[in-house]
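Single-structure report; data block below.
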Amino acid sequence: MSDGFIKVGKVGELQPGRMKRVNINGQRILLANVDGNFYATDDSCTHEEASLSTGFLKGDLVKCPLHGSRFNVRTGEVLEEPAEENLRTYPVRIEGNDILIGLT
Ligand code: FES
């Protein structure tokens, strides 16, 4: 905890190809499992107010449920308009069966 990494769940709780929103101190983070690797980005679309966790995950791309912008969850890069700003990403660490996200 002291190094800025906070436990958000267990590895077995999020299957490959799935994603969910986690709340860390009021901050909404999207956690995605891409082929067994976990990635974390901001959950809010950079276009308008939409929760990406309610969108669609295909490979490493998440599609916004509102206007269809797509982002790469590994890099946060925006790949399709109308959003123009990249998503902020966060480091993810696995310790045993625990998933931790770094908010430093
Ligand atoms: S709110 Fe996400 S593309 Fe518009």
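Quick note on our numbering: the sequence shown kicks off at 312 and runs consecutively. Ideal Cβ positions, reconstructed from N, Cα and C, are used throughout, including at glycine.
How close, in whole Å, do the beta carbons of residue i and residue j come, if the pair is a contact with beta carbons under 8 Å?
i: VAL319; j: ILE412; result: 5 Å
i: ASP345; j: GLY370; result: Looking at the sequence itself, residue 345 is Val, so the reference to Asp does not match. Correct: roughly 7 Å between the Cβ atoms.
i: MET330; j: VAL373; result: 7 Å
Nearest by alpha-carbon distance to residue i: which of the options is it?
i: GLY315; options: ASN408, TYR401, GLY407, GLU359; result: TYR401
i: LEU377; options: GLY337, ASP371, LEU363; result: LEU363
i: TYR350; options: LEU368, ALA361, GLY337, GLU360; result: LEU368
i: ASP354; options: ILE410, ALA343, GLU392; result: ALA343
i: LEU398; options: GLU391, THR386, ALA361; result: THR386
i: GLY328; options: CYS356, HIS358, GLN338, VAL384; result: VAL384
In the structure shown, what three-state DSSP assignment does residue i receive?
i: SER355; result: strand
i: LEU341; result: strand
i: LEU325; result: coil
i: ILE412; result: strand
i: MET312; result: Its pLDDT being 49, under 50, MET312 is placed unreliably in this model, and the value from its coordinates should be taken loosely. Residue state, collapsed to three classes: coil.
Per DSSP, residue i forms a beta bridge with which residues?
i: ASN383; result: LEU372
i: VAL389; result: PHE382
i: ARG399; result: Note: ARG399 sits in no beta bridge, so no partner.
Taking 6 Å as the cut-off, is the beta-carbon of residue i closer than that to any non-hydrogen atom of the ligand FES?
i: GLU324; result: no
i: GLU359; result: yes
i: SER380; result: yes
i: LEU377; result: yes
i: ALA351; result: no
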